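Novice: Take 1 as the starting number for the sequence shown in the UniProt record's numbering and just add one per residue. Handing you a structure now.
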Amino acid sequence: MSDRFPDDCPTLTRDGQTAGFSPSPDGMALFAWWRDTTGDHTDSEMIGVYPSYEAGVIGVLRAIAADGMDPDPDEVTVEAKALERDFTATDWMGLGF
1 MSDRFPDDCP TLTRDGQTAG FSPSPDGMAL FAWWRDTTGD HTDSEMIGVY PSYEAGVIGV
61 LRAIAADGMD PDPDEVTVEA KALERDFTAT DWMGLGF
């Protein structure tokens, strides 16, 4: 894999910050990483590794908010379903995974 994650990975954007998602090398977890460069984050800097779509969305929303608060459960459900849809539709082999 290259030094940065591919542009076509699924993303979640809030408050002007974007996080990307990709499979871990063994395919058993999700990587979440900063998708763009801001004053606080570098493109492809890891946010975390998560065991499910819901856990990944929660982790990313917590990282974006940076306030220690849990995100709204309804928002997590909606975003996790959207992430699962986008994740399963992504041609990971075509992206080099």
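Cβ coordinates follow ideal geometry from the N, Cα and C atoms, glycine included. Keep in mind it's a predicted model, so treat the numbers as computed, not measured.
Do Ile-64 and Asp-15 have their CB atoms nearer than 8 angstroms?
Specialist: Closer than 8 angstroms, so yes.
Novice: Excluding five sequence neighbours on each side, which residues of the same chain lie with their C-beta closer than 8 angstroms to the C-beta of Asp-70?
Specialist: Hits under 8 angstroms: Ile-58, Arg-62.
Novice: Should Thr-88 and Asp-8 be called a contact, given that it needs their Cβ atoms to be closer than 8 angstroms?
Specialist: It is not a contact, given that the beta carbons lie outside the stated cut-off.
Novice: Does Gly-59 come out as helix, strand or coil in the three-state DSSP assignment?
Specialist: Gly-59 falls in the helix class under three-state DSSP.
Novice: Could you give the DSSP three-state label for Ala-32: helix, strand or coil?
Specialist: It is a strand residue.
Novice: Please determine, among Met-28, Tyr-53, Asp-43, Asp-26, the residue with the shortest C-alpha to C-alpha distance to Asp-86.
Specialist: Nearest of Met-28, Tyr-53, Asp-43, Asp-26 to Asp-86, Cα basis: Tyr-53.
Novice: Run through DSSP, which three-state label would Leu-12 get?
Specialist: In the structure shown, Leu-12 sits in a strand (DSSP, three-state: E or B).
Novice: Taking the straight line between their C-alpha atoms, what separation do you get for Leu-95 and Asp-40?
Specialist: Going from the Cα of Leu-95 to the Cα of Asp-40 covers about 27 angstroms.
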